[in-house]
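**Q** Let me begin by handing over the structure; questions about it come next.
Chains as they are written, first to last, in the working numbering: chain W, 1 to 403; chain Z, 1001 to 1379.
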């Protein structure tokens, strides 16, 4: 196992880059978790868009009422009344709805020249529409009560309106099927997994190949008593071991980060998720093997790792939901293994029963992944044999300026 | 001598396939992927008709007012709030809900009832629509009860006057997509590091055979470095401009109309990138592979914090860790492009450009100090 041991030593020396990728990935997962909200619940939970109130008028029962209403239905984001800060918040969706109360608004309300409230949202934003409709409903009710009871104080009117606004429709959430779907955070974690597994496979396998393909070393190894097949097998074994270790580490990270969210999820769904990601690991390793044949320097190694992983992740739906890709792009995406991984993942995450018909598409997508892994492995073996014999592999060290 | 070194450097770079792949082809492929992947990203946040089922049972048939309201908010028009499918039984509605054809269904009654499959923004809007109907209906009832002749109040309620108006503080609308392209351009600028690295490593005798030969040449070391760096900057600037042109002219990404300032950002960004690479490479102890690793991982980290992988990350960091944001060159490049797109004045833009320029000067200065008097006892 001399080659195997050497492989392990090489990986140890180059572990810094792999650890950096792992840390970035872990940080990315934590950020993404905070951004997404679980859709599944047996009770209705309203979405709470972010809003900001900028009051340029004096505080009055009318403006206090508007604040109270918005606080019921949204999350307040406090911003300073500075144009730059408001613009930035609107651009980056830090605040979905900025309500600006102009000076003299409360005083002018109800008169002929009543001022309008100013709002700032992204054009046609759904969240903006939602909060805007609430504010308008509030103002309309205040206006009606003011007409009906001119003798009432503003506080009385606002109190009555806020009470009116507490009335609402009955809502029922009907979870179909018998099991709770997998939490969205876990789904996102596994989506991002495909990216990091590809990066890792290409980087780690190419590190090994690069070391053994140096012209002088390669020539020396060719005339050693060790059979070429045994050498390749040992390199492959090391790659497989590394991949599996990485996969276990990722799974543990997932359980550590999202263990609490998995309560109530069927363990079978969890096993399916792990199986799916393990199959994708096999695909990634075979892609790494294939890429390893072409990679000859540190530069092209990073380029290949990023090219393949970013490209496949974008096309396969790991970063952007598949339904946002056009029909034409979806046809192309079917030729990318990530597409099948994500398809299986999406199906597993929305699985409500484990009967044959629901499972059929999952098995299908998994089978396609195995097919990809075998096909790419075959191609890379043939290529490696062909390229191992080619003259290019034995170039001399150059000492001239490369023009 | 200038043209000799400068020209050869440019030719040499153009024939270096590795760097070309990184700085030319990679960003172009990535921006094309962005183009296809993000084409409907802006639509994700916009309001579109919510697919809803309405059960036409006895209660619905008996409630003329509810029928009228449903009719008013649904229809074929694009701006209709609901895309309604009428069904006869609750079972039919359940099937539509389970298969995901509708986001919820409504049953009329004394208090209308909404049945959903999951929580979400569309579901919240549906609930809010029904709530508002109930609130308005109950208020009208109260008004009738208290003062049947006071129709003015009812009219005010039914007219649903708008008390708000949208103001826009900027010429270009906010966009979820452009930030990704800005971050990509920042990444390309920072990849100028490969050019800086090449210059320094090919001039350090212990790093490459070419470096050993060049060190022995009679040309002044300082001049060699400056001419070579100029060649690297020229090629890299050309590359950033090419990527920018590809994005604006072929993909049609809207960067605003301040072309001159955009080109200036690319130039300063390239300078900063090249200076960064030269600085990383100046240490004679690290091996080339380690320097490449440092360069790519720092670039990737900066770009992540600049919003390349998660849109808006630069804003989150600027809000919570402002110092880190000001020191991150990728975030400064992204912010410069953002200012050009979104702001009418140049104040913040010039501040960004100033910071980037200062970073480049400091980095070149430190590099200069290090390579000025390097001598080798043995290589």
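Glycine is no exception: its CB is placed at the ideal position from the N, C-alpha and C atoms. For clarity, every value in this text was computed on a predicted model and none was experimentally measured.
Under 8 Å, CB to CB, which of the residues in the region 1104-1127 of chain Z have a partner in chain W?
**A** 1111, 1112, 1113, 1114, 1115, 1116, 1117, 1118, 1119, 1120, 1121, 1122, 1123, 1124, 1125 and 1127
**Q** Does residue 1004 of chain Z have its Cβ less than 9 Å from a Cβ in chain W?
**A** Using beta-carbon distances, residue 1004 of chain Z does not count as an interface residue toward chain W, since no partner is under 9 Å.
**Q** For a cutoff of 9 Å on Cβ pairs, would you count residue 1323 of chain Z as touching chain W?
**A** no
**Q** Is the beta carbon of residue 106 of chain W sitting closer than 9 Å to the one on residue 60 of chain W?
**A** Contact: yes.
**Q** Residues bridged to residue 173 of chain W by DSSP?
**A** Z:1116
**Q** Check distances from the C-beta atoms of the region 139-158 of chain W to those of chain Z and list, in chain order, the residues that come in under 7 Å.
**A** 139, 140, 141, 143, 144, 147 and 148
**Q** Which same chain residues end up closer than 6 Å to residue 372 of chain W when comparing Cβ atoms and leaving out the 5 residues on each side of it in sequence?
**A** 283 and 337
**Q** Taking the C-alpha atoms as reference points, what is the distance between residue 1038 of chain Z and residue 1045 of chain Z?
**A** 13 Å
**Q** Using 8 Å for Cβ pairs, my map puts residue 1022 of chain Z next to residue 303 of chain W. What's the rounded Cβ distance?
**A** Contact holds; Cβ gap of about 5 Å.
**Q** Taking residue 1166 of chain Z as the query, report the chain W residues whose CB atoms sit under 9 Å from its CB, ordered along the chain.
**A** 118, 119, 120, 121, 123, 128 and 132
**Q** List the residues of chain W whose Cβ lies closer than 8 Å to the Cβ of residue 1078 of chain Z, in chain order.
**A** The premise fails here: residue 1078 of chain Z is roughly 10 Å from chain W at the closest Cβ pair, so nothing lies under 8 Å.
**Q** Mapping the DSSP letters down to three states, classify residue 335 of chain W as helix, strand or coil.
**A** coil
**Q** For residue 87 of chain W, return the contacting residues in chain Z, with the cut-off set at a CB-CB distance below 9 Å.
**A** 1169, 1170, 1174, 1342 and 1343
**Q** Keeping to the same chain, check which residues put their C-beta closer than 6 Å to that of residue 1193 of chain Z; ignore five residues upstream and five downstream.
**A** 1273, 1276, 1277 and 1295
**Q** For my contact list, residue 1302 of chain Z and residue 1190 of chain Z are in at a C-beta cut-off of 8 Å; report their separation, rounded to the angstrom.
**A** 6 Å
**Q** Residue 1296 of chain Z touches chain W at which residues, Cβ-Cβ below 7 Å?
**A** 302
**Q** How do the region 1080-1095 of chain Z and the region 1039-1059 of chain Z stand: do at least 3 beta-carbon pairs fall below 8 Å, yes or no?
**A** yes
**Q** Quick check: the Cα distance between residue 9 of chain W and residue 382 of chain W, rounded to an integer number of angstroms?
**A** 27 Å
**Q** Could you name the residues of the region 1091-1102 of chain Z whose beta carbon sits closer than 8 Å to any beta carbon of chain W, in the order they occur along the chain?
**A** Those residues of the region 1091-1102 of chain Z placed with their C-beta closer than 8 Å to a C-beta in chain W are 1094, 1097 and 1098, ordered along the chain.
**Q** Count the other CB atoms within 10 Å of the CB of residue 1086 of chain Z; is the residue buried (16 or more) or exposed (fewer)?
**A** exposed
**Q** For residue 1111 of chain Z and residue 168 of chain W, what's the separation of their Cα atoms in angstroms?
**A** 8 Å
**Q** What first and last residue would you give for the beta strand (DSSP E) that runs through residue 1085 of chain Z?
**A** For residue 1085 of chain Z, the enclosing beta strand (DSSP E) stretches over residues 1082-1087.
**Q** Are the beta-carbon atoms belonging to residue 30 of chain W and residue 1127 of chain Z less than 9 Å from one another?
**A** no
**Q** Establish whether the CB of residue 361 of chain W and some CB of chain Z are separated by less than 9 Å.
**A** No, no contact with chain Z.
**Q** Got a sec: which bits of the region 313-345 of chain W sit with their beta carbon under 8 Å from any beta carbon on chain Z, in order along the chain?
**A** 314, 315, 319, 320, 324, 325, 326 and 329
**Q** How would you list, in chain order, the residues of chain Z whose beta-carbon sits under 9 Å from the beta-carbon of residue 174 of chain W?
**A** 1094, 1097, 1098, 1115, 1116 and 1117
**Q** Starting from residue 1211 of chain Z, trace the alpha helix (DSSP H) in both directions and tell me its first and last residue.
**A** 1209-1216
**Q** Might you give, ordered along the chain, the residues of its own chain that have their beta carbon closer than 7 Å to the beta carbon of residue 399 of chain W, omitting 5 neighbours on each side?
**A** Since pLDDT at residue 399 of chain W reaches only 46, below the 50 mark, its modelled position is unreliable, and the value read off the structure follows with that caveat. Excluding residues within five positions, none has a Cβ falling inside 7 Å.
**Q** Please confirm if residue 225 of chain W has its CB atom under 9 Å from at least one CB of chain Z.
**A** no
**Q** Counting only Cβ pairs nearer than 7 Å, list the residues of chain W close to residue 1315 of chain Z.
**A** 88, 92 and 94
**Q** Short check: CB of residue 341 of chain W to CB of residue 311 of chain W, under 9 Å?
**A** no
**Q** Do residue 1332 of chain Z and residue 1352 of chain Z have their CB atoms nearer than 9 Å?
**A** Closer than 9 Å, so yes.
**Q** Quick test of the definition: if touching needs 3 or more C-beta pairs under 8 Å, does the region 244-261 of chain W touch the region 351-362 of chain W?
**A** no
**Q** For residue 1317 of chain Z, collect the residues of the same chain with a Cβ closer than 8 Å to its Cβ; drop the 5 residues on either side in sequence, then sort them by chain order.
**A** 1305, 1324, 1325, 1328 and 1331
**Q** Counting Cβ pairs, one atom from each stretch, are 3 or more of them under 8 Å apart for the region 72-82 of chain W and the region 1161-1175 of chain Z?
**A** no
**Q** Assign residue 1062 of chain Z to one of two classes, buried (16 or more other C-beta atoms within 10 Å of its C-beta) or exposed (fewer than that).
**A** exposed
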